[in-house]
Amino acid sequence: MSNVTPTHATASNPYSPAVRLLAIPLLVYLAWLLETFLLAGMPRLLEEPDPVAFAVYTGISCIFTGMILPLLCIRKAFLSGAVNMFQIGFSSSRRTLILCSLIGIAGYALVLLFSPFGPDRLAFAGACLLLLPTAAASVMVCWALFGTHIQAFFREGGAVLSIPTGIVTTSILFAAAIVAVNPAIRMEGSLFWPVCIGMGAALFFFAVRDVCATVMVVTGLLILSGTVIPDSFSWQAISPAVWLSSLLAGAALGAIPVYLHRNYTTIVVRTQD
């Protein structure tokens, strides 16, 4: 188990707060953004998901750069005291289960109301599974990593400064990621829906502080807005290998809170003035 102490530069952690809380998360984001553009955006992977290409994209961009690298950065910030388990979005499994259940019910009601894929209810489930790796990596990079780190950097300004800064910044980062993954947005030049979805997801994350629930919100908003999935989407035409890659990404996301809760805890350490 690990003690959490106040954040400051020490001999064991010599980097300045600007480097630890801004520069390193930004570098991870840029690496993930470039991989997303090269592996998913350029080949139009979400429009025509090739099994091999989708597996490469899921493994490299979504799991390694989108989940494992953020986890390593979060671990360092957690040990330094810059963030705690609640702030990074992994507070308790019971709370996550309740939130995800409520979002699932609300999402199903919206599907019945708007019918994004007509009467085919399985098409919505298939679209959710197809977007799961992208949504999971987006939430981990934009909010669990960058959002919590930028909030920690501006902590001295209070919630009035840190949370709005986090919301605006992460919304822009998320919108850029959606533009990278979807060439249609780049051709149309419309950033309305990506920015709106980013703002909504950012508000939700900073309000509830739950990564898995935010992944569900992002996935649902992307589908209902028609931002990424084309109208011609057919879940029957997608190879089972693609579904397997998506399930692997979901398993990787689910393993993160298990790892954190089994190895780390937050212990309040009183310091003398």
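Residue numbers (our numbering): 109 to 381.
Beta carbons are placed, not taken as given, at the ideal position from N, Cα and C, and that holds for glycine.
Bear in mind that the values here come from a model prediction, so they are computed numbers and not experimental data.
Sixteen is the threshold: since fewer than 16 other Cβ atoms of the shown chains lie within 10 Å of the Cβ of Val-366, the residue is exposed. For Trp-301, the uninterrupted alpha helix (DSSP H) segment begins and ends at 300 to 316. When the alpha-carbon of Ser-209 is set against those of Asn-192, Ser-347, Ile-331, Thr-322, the nearest one is in Thr-322. The beta carbon of Thr-144 is closer than 7 angstroms to those of Ser-169, Ala-285, Ala-288, Val-289 in its chain, skipping five residues each way along the sequence.
Asn-371 sits in a helix when the DSSP states are folded into three classes. Using a Cβ-Cβ distance cut-off of 8 angstroms, the segment 191 to 211 and the segment 272 to 281 are not in contact, since fewer than three pairs of beta carbons, one from each stretch, lie closer than that value. Scanning its chain for C-beta atoms nearer than 6 angstroms, with the 5 sequence neighbours on each side dropped, one finds around Ala-139 the residues Thr-173, in chain order. Measuring C-alpha to C-alpha distances from Ala-360 to each of Tyr-137, Glu-156, Leu-177 identifies Leu-177 as the nearest. Within 10 angstroms of the beta-carbon of Phe-314 lie 16 or more other beta-carbons, which makes it buried. If you draw a straight line from the Cα of Val-268 to the Cα of Leu-221, it is about 36 angstroms long. The count of Cβ pairs closer than 8 angstroms, one atom from the segment 302 to 320 and one from the segment 237 to 257, reaches three, so the stretches are in contact.
Note that the segment 183 to 194 does not touch the segment 305 to 312; fewer than 3 beta-carbon pairs, one per stretch, sit closer than 8 angstroms. Residue Phe-254 holds the alpha-carbon nearest to the alpha-carbon of Arg-128 among Ile-331, Pro-151, Leu-146, Phe-254. The shortest CA-to-CA distance from Gly-212 to any of Gly-226, Phe-225, Phe-232 is the one to Phe-232.
DSSP places Pro-159 inside the alpha helix (DSSP H), whose first and last residues are 159 to 165. Under the three-state reduction of DSSP, Ile-171 is assigned to helix.
For Ser-333, the CB contacts under 7 angstroms within the same chain, skipping 5 residues up- and downstream, are Trp-301, Ile-305 in chain order. Counting only the Cα atoms, Leu-230 lies some 16 angstroms from Met-324.
At a Cβ-Cβ threshold of 7 angstroms, Gly-328 and Gly-215 count as neighbours. Gln-344 sits exposed, since fewer than 16 C-beta atoms from the chains shown fall within 10 Å of its C-beta. Going by beta carbons, Ala-148 and Tyr-137 fall outside the 7 angstroms limit. Each of Arg-203, Gly-265, Cys-236, Ser-353 was checked against the Cα of Val-326, and the nearest Cα belongs to Cys-236. The three-state reading of DSSP puts Met-248 in helix, counting H, G and I together. Under a 10 Å Cβ-count criterion, Met-150 is classified as exposed, with fewer than 16 other Cβ atoms of the shown protein chains found around its own Cβ.
At a Cβ-Cβ threshold of 7 angstroms, Pro-159 and Ala-349 count as neighbours.
Residues of the same chain with a CB within less than 7 angstroms of the CB of Phe-262, apart from the 5 flanking positions on each side, are Leu-269, Ser-270, Thr-273 in chain order. The DSSP-derived three-state label of Thr-335 is coil.
Burial is judged here by how many other beta carbons sit within 10 angstroms of a residue's own beta carbon; Asn-371 has fewer than 16 and is exposed.
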